[in-house]
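Under the working numbering, the first residue of the sequence shown carries the number 128, and numbering increases by one thereafter.
What follows is a short report on a single structure.
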Amino acid sequence: MKEGRPLLRASGVHKSFGEVQALRGADLAVQPGEILAIMGPSGSGKSTLLHCLAGILVPEKGEVWLEDTKLNDLSEEARTKLRREQYGFVFQFGQLVPELTALENIALSLLLAGQKRSEAFAASEPWFDQLDIRGLENRRAGEISGGQAQRVALARALVLKPKVLFADEPTGSLDTLAGEKVMELLTKATKDQQTTVVLVTHDARVAAYADREVIVRDGTISKAERRGNV
Numbered sequence: 128m129k130e131g132r133p134l135l136r137a138s139g140v141h142k143s144f145g146e147v148q149a150l151r152g153a154d155l156a157v158q159p160g161e162i163l164a165i166m167g168p169s170g171s172g173k174s175t176l177l178h179c180l181a182g183i184l185v186p187e188k189g190e191v192w193l194e195d196t197k198l199n200d201l202s203e204e205a206r207t208k209l210r211r212e213q214y215g216f217v218f219q220f221g222q223l224v225p226e227l228t229a230l231e232n233i234a235l236s237l238l239l240a241g242q243k244r245s246e247a248f249a250a251s252e253p254w255f256d257q258l259d260i261r262g263l264e265n266r267r268a269g270e271i272s273g274g275q276a277q278r279v280a281l282a283r284a285l286v287l288k289p290k291v292l293f294a295d296e297p298t299g300s301l302d303t304l305a306g307e308k309v310m311e312l313l314t315k316a317t318k319d320q321q322t323t324v325v326l327v328t329h330d331a332r333v334a335a336y337a338d339r340e341v342i343v344r345d346g347t348i349s350k351a352e353r354r355g356n357v
């Protein structure tokens with residue numbers, strides 16, 4: 128991938144939780160349209176780095192930028208608005224609303240953004256074919272498999288066409304085959320939509336779907352870095 132002006136950038140980021148220093152001067156730049164895998168052992172700070180990049184956490188030192196917007200300078204309200212409008216999220220367990228159907232879960236982000244119900248449902252419908260979950264529209268979270276639930280969660284994240292998709296261990300609760308299916312669909316959908324992806328994983332097989340991999344060790348980005356195989 129050609130290096131240019133980063134879409135997302137962290138510079139000298141420090142973040143602590145009590146006496147524990149999770150990040151100790153992390154530096155990272157993510158290019159537009161890139162799928163970046165962040166790897167590292169448990170407790171290395173990789174999820175904390177993702178949360179700082181996403182504006183969920185505010186670092187004590189350092190800066191986080193989305194294009195020309197410095198996230199450190201935004202109020203909590205402004206960061207919430209940015210996350211709702213420009214970011215998508217997929218977490219390990221999907222976090223679907225159990226009382227809602229799959230269609231309602233996908234449309235939820237559009238409804239929260241103020242779209243009419245009919246428009247939100249119409250925009251959500253195509254994702255059932257795109258992510259191979261047609262037939263699940265009226266099923267609730269407890270009535271579908273873990274892999275299917277993650278695809279619903281992915282559709283919910285992408286239906287708003289976010290600039291950045293943050294995925295934290297998106298296959299961590301799935302078996303190997305279901306995880307591979309989710310990653311195949313995630314990479315295809317985000318490439319088709321030109322969505323930048325920041326992916327946290329401990330699994331080298333998942334990281335292989337990325338364009339690039341970085342390693343977090345002891346709260347900093349290791350110099351060890353390689354291109355993915357896919």
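Every residue gets a Cβ at the ideal spot worked out from N, C-alpha and C, and that includes glycine.
Asked: Could you check which residue in E190, L304, D256 and A305 has the C-alpha nearest to that of A282?; Found: D256
Asked: DSSP three-state call for S245: helix, strand or coil?; Found: helix
Asked: May I have the straight-line CA-CA distance separating I162 from H141, to the nearest angstrom?; Found: 24 Å
Asked: Following the continuous beta strand (DSSP E) through Q148, name the residue where it begins and the one where it ends.; Found: V147 to V157
Asked: Exposed or buried, what is S174 when buried is set at 16 or more other beta-carbons lying within 10 Å of its beta-carbon?; Found: buried
Asked: Throw me the rounded Cβ distance for the V324 and L301 pair, which I believe falls under 8 Å.; Found: 18 Å between Cβ atoms; not a contact.
Asked: Three-state secondary structure (DSSP) at V357?; Found: Bear in mind that a pLDDT of 44 at V357, under 50, signals an unreliable position, so the number given afterwards is only what the model happens to contain. V357 falls in the coil class under three-state DSSP.
Asked: Among the candidates F144, G167, G145 and E146, whose CA atom is the shortest distance from the CA of I348?; Found: G167
Asked: Would you please state the rounded distance, in angstroms, between the beta carbons of T322 and L285? I believe it to be under 8 Å.; Found: 7 Å
Asked: Hey, quick one: how far does the alpha helix (DSSP H) through L281 stretch, first residue to last?; Found: G273 to L285
Asked: If we count Cβ pairs, one from each stretch, closer than 8 Å, do we get three or more for the region 324-336 versus the region 240-257?; Found: no
Asked: Contact defined as beta carbons within less than 8 Å: I believe A240 pairs with R211. What is the distance between those atoms, to the nearest angstrom?; Found: 7 Å
Asked: Could you tell me the distance, in whole angstroms, from the CA atom of L134 to the CA atom of L263?; Found: 35 Å
Asked: Buried or exposed: where does A205 fall if 16 or more other Cβ atoms within 10 Å of its Cβ makes it buried?; Found: exposed
Asked: Looking only at its chain, what residues have a beta carbon closer than 6 Å to the beta carbon of I271, apart from the 5 residues adjacent to it on each side?; Found: L263
Asked: Around the C-beta of Q320, are 16 or more other C-beta atoms found within 10 angstroms, so that it is buried, or is it exposed?; Found: exposed
Asked: Name the two residues that bound the continuous beta strand (DSSP E) containing S143.; Found: L135 to F144
Asked: Closest to I233 by C-alpha separation, out of T207, R261 and L209, would be which residue?; Found: R261
Asked: What residue range is occupied by the uninterrupted beta strand (DSSP E) comprising G215?; Found: Y214 to V217
Asked: Curious, which full-length beta strand (DSSP E) runs of at least 3 residues does the region 173-206 contain?; Found: 188-193
Asked: Between the C-alpha atoms of D154 and N265, what's the straight-line distance to the nearest angstrom?; Found: 44 Å
Asked: What is the residue span of the beta strand (DSSP E) that V324 lies within?; Found: T323 to V327
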